[in-house]
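In our numbering, the protein residues as written are 1 to 520. We treat Cβ as the ideally placed atom computed from N, Cα and C, and that holds for glycine. Reading through the structure tokens given below for one structure.
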Amino acid sequence: MIIQINKMTKNFGGTSLFEELSLTIQSEDKMGLVGQNGTGKTTLFQIILGHEGIDEGQLAKRKGLKIGWIPQELESPELTVFEYLIQSFTELETIQQQMRKYEAQMNDFTIDLERTMRLYGDLQQTFESLGGYEVEDRLAGTLKGLGLAQHHQTLLSNLSGGERVRVELAKILVQDSDVLLLDEPTNHLDLTGIHWLENYLKSTKKAYVVISHDRAFLDQITQRIVEIEDGQLVNYPGNYSRYMELKNERHQLLQKNFELQQKEIQRLKRMIHRYRQWGNEGDNEAFFRKAKEIERRLEKLILIKAPIPPKKRLNKIHAANRSGNEVVIAKKIGQVMGDHLLFSDSSFSVYRGERLAITGENGSGKSTLLKLILGEYDLDEGEMTLGASLKIGYLPQKLVFEQPENRLLTYVKNWIADEQIARQTLAQYGFYKEDVTKRIKDLSGGEQVRLYLLLLFQEKINLLILDEPTNHLDIYMREEIEALLSTFTGTILAVTHDRYFLEKNFDGQLIIANETIHKI
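In structure tokens form, the structure reads like this:
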């Protein structure tokens with residue numbers, strides 16, 4: 001055992017987040033932590049790190065435990081990526097400095113050379129045992145795996161936000177940690193980076209707990225899934241797919257036991273009523289004692305809670321009339337961004353009813369291709385035409401709302417004038433009662449996506465274009481979107497890194513690779 005949480009209770013503003021929650025993390029656990037947004041996954045990490053306190057219970061950590069994690073606020077000192085990473089190996093750096101001192105002394109004939117050589121040899125052996133001679137190779141391999149090889153000598157301050165997060169991920173992977181706490185580690189990785197991270201985690205002997213909404217990733221790297229459900233933790237052995245099977249079986253059993261217990265409760269209540277009635281009619285104290293005895297049995301019952309399925313939030317998409325058979329026709333198209341050629345001499349067609357995912361490495365031009373189809377960018381070469389009778393719905397990667405100071409209900413009434421229908425529609429998208437008075441700018445990323453989809457689906461569309469649609473969404477919301485898309489009869493084009501989402505919803509791909517686009 002390296003981390004033990006026992007009967008922990010945590011409250012926020014008088015509301016219970018966790019109630020007598022218990023968790024044990026062993027030295028080689030490969031664990032996924034799942035749960036709907038808002039159930040407290042990140043808070044649990046903060047509690048383990050000691051950044052959040054608890055109201056009741058105990059948290060115990062093995063003495064000297066080293067935890068690798070990515071802080072929410074990242075500093076960018078004036079160091080290159082490599083300098084920043086190498087400085088975290090403080091023990092190796094200290095040994096290297098001592099070795100340099102002895103190397104300099106070896107040229108001094110006035111010192112005891114035998115003693116100096118012996119001390120130098122001891123330091124060299126320690127340095128080697130700590131992996132000092134492999135550190136630079138490890139760093140280079142990690143940077144390459146995470147798509148940062150070209151930024152080896154780049155200043156941290158010149159990196160994008162996503163690149164800066166990847167550097168921090170590289171730092172905790174190469175450090176000598178006992179356990180890794182990884183919160184959405186695939187968010188800023190392309191598929192190549194995700195595959196590299198999967199291989200790293202499958203081969204490491206470090207324990208780790210991963211919060212992720214990437215179901216294919218969880219399938220690959222977990223041997224245990226822990227779900228936060230109703231303020232408690234429920235353990236499931238196996239990977240994500242196995243968890244889904246076991247959870248379904250568990251909920252079916254809970255529902256069956258709940259129904260059986262409710263029948264038993266009603267039977268006992270009827271017996272109590274009957275014995276009291278007989279006692280009154282016959283003035284017989286024995287019947288009253290029997291009723292009291294059954295009441296005590298009822299009081300001692302441990303009530304089974306019925307499993308509460310996630311609330312269905314998304315409604316059916318209203319499709320427009322059918323488009324023409326050819327939706328997008330591209331002939332020998334090419335595009336340059338700055339001085340970088342994205343693709344050239346590429347031809348393809350998209351037909352009515354097709355579901356195509358646009359895939360490729362980060363920076364290959366996936367979002368640019370969407371914007372070309374939408375007419376937001378002009379083509380540098382070639383020709384692109386759209387088919388007849390198209391009604392396009394577009395979910396961008398970065399959401400922008402007019403009047404972000406508006407409350408949700410006020411905002412939605414611009415599209416749905418009837419307040420009752422507006423409230424009902426908001427409820428279908430997960431916004432209930434007090435939620436409708438929130439300001440748009442105060443919504444979380446997932447809430448903003450839900451609001452955007454609500455507005456998008458008020459229009460009757462026949463071409464749906466999605467740019468990373470599952471970002472910021474919990475697993476349950478992703479599954480609802482998948483169910484929703486299954487009802488859509490039009491054409492879908494989407495940029496996505498979510499392999500589970502891709503495999504379930506798409507029948508083909510437009511792959512951008514080696515400066516060309518090809519359809520499979």
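{"query": "Residues of its chain near TRP415, where Cβ-Cβ distance is below 7 Å and the 5 sequence neighbours each way are ignored", "result": "LEU455, GLN458"}
{"query": "Proximal residues to ASP29 (C-beta, below 6 Å), its chain only, five neighbours per side dropped", "result": "ALA207"}
{"query": "Cut-off 7 Å between Cβ atoms - residues of its own chain near MET271, not counting five sequence neighbours on either side", "result": "ILE294"}
{"query": "Cβ-based neighbour list, GLN105, same chain, cut-off 6 Å, excluding 5 preceding and 5 following", "result": "ILE111, THR116"}
{"query": "Collapsed DSSP secondary structure at GLY32 in the structure displayed", "result": "strand"}
{"query": "Of the residues THR489, GLY508, THR487, the one placed nearest VAL495, counting alpha carbons only", "result": "GLY508"}
{"query": "Three or more C-beta pairs below 8 Å linking the stretch 67-78 and the stretch 179-188", "result": "yes"}
{"query": "Reduced DSSP secondary structure (H/G/I, E/B, other) of ALA207", "result": "strand"}
{"query": "Sub-9 Å separation of SER344 and GLY334 beta-carbons", "result": "yes"}
{"query": "DSSP beta-bridge partners of PHE348", "result": "ALA330"}
{"query": "Check whether ASN6 and GLY193 have beta carbons under 9 Å apart", "result": "no"}
{"query": "Simplified DSSP assignment, three categories, for GLY121", "result": "helix"}
{"query": "Nearest-angstrom beta carbon gap, GLU249 and GLN220 [assumed within contact, 8 Å]", "result": "In fact, because the Cβ distance is near 23 Å, the residues do not count as touching under 8 Å."}
{"query": "Contacts around LYS398, its chain only, beta-carbon distance under 6 Å, and the 5 residues preceding and following it disregarded", "result": "none"}
{"query": "Anticipated Cβ contact below 8 Å, GLY139 with LEU85, distance rounded", "result": "Reading the sequence as shown, one finds Leu at residue 139 and not Gly. Yes, LEU139 and LEU85 are in contact; Cβ-Cβ is about 5 Å, under 8 Å."}
{"query": "DSSP three-state assignment for GLU259, whether helix, strand or coil", "result": "helix"}
{"query": "Start and end residues, beta strand (DSSP E) containing LYS519", "result": "516-519"}
{"query": "Identified DSSP bridge partners for MET8", "result": "LEU21"}
{"query": "Inter-residue spacing [alpha-carbon to alpha-carbon] between GLN26 and ARG62", "result": "10 Å"}
{"query": "Neighbourhood of GLY353 by C-beta distance below 8 Å, restricted to the same chain and skipping five residues each side", "result": "THR489, GLY490, THR491"}
{"query": "Status (buried if at least 16 other CB within 10 Å, exposed otherwise) for THR186", "result": "buried"}
{"query": "One or two residues paired with PRO237 in a DSSP bridge", "result": "ARG224"}
{"query": "C-beta contact flag for LEU510 and ILE358 at 9 Å", "result": "yes"}
{"query": "Separation of LYS519 from ILE512, as counted between CA atoms", "result": "9 Å"}
{"query": "Alpha-carbon spacing of ARG423 relative to LEU303, whole angstroms", "result": "34 Å"}
{"query": "Stretch pair the stretch 225-240 + the stretch 49-60: three plus CB contacts closer than 8 Å", "result": "no"}
{"query": "Contact set for GLN261: own chain, Cβ-Cβ below 8 Å, skip 5 residues either direction", "result": "LEU301, LEU303, ILE304"}
{"query": "Sub-9 Å separation of ILE373 and LEU464 beta-carbons", "result": "no"}
{"query": "First and last residue of the uninterrupted beta strand (DSSP E) at ASP183", "result": "179-183"}
{"query": "Local Cβ density within 10 Å of TYR432, reported as buried at 16 or more and exposed below that", "result": "exposed"}
{"query": "Straight-line Cα distance separating PHE506 from LEU426", "result": "28 Å"}
{"query": "Same chain, Cβ closer than 7 Å to LEU98, neighbours up to 5 away in sequence not counted", "result": "Going by the sequence as given, residue 98 is Gln instead of Leu. Excluding positions up to five away in sequence, the list reads LEU123."}
{"query": "Within the stretch 51-84, ranges of the beta strand (DSSP E) (whole runs, at least 3 residues)", "result": "56-61, 67-69"}
{"query": "LEU356 - partner residues in DSSP beta bridges", "result": "LEU493, GLY508"}
{"query": "HIS273 classed as buried or exposed, judged by whether at least 16 other C-beta atoms fall within 10 angstroms", "result": "exposed"}
{"query": "Residue nearest to ASN325 in terms of C-alpha spacing, selected from GLY279, GLY387, ARG276", "result": "GLY387"}
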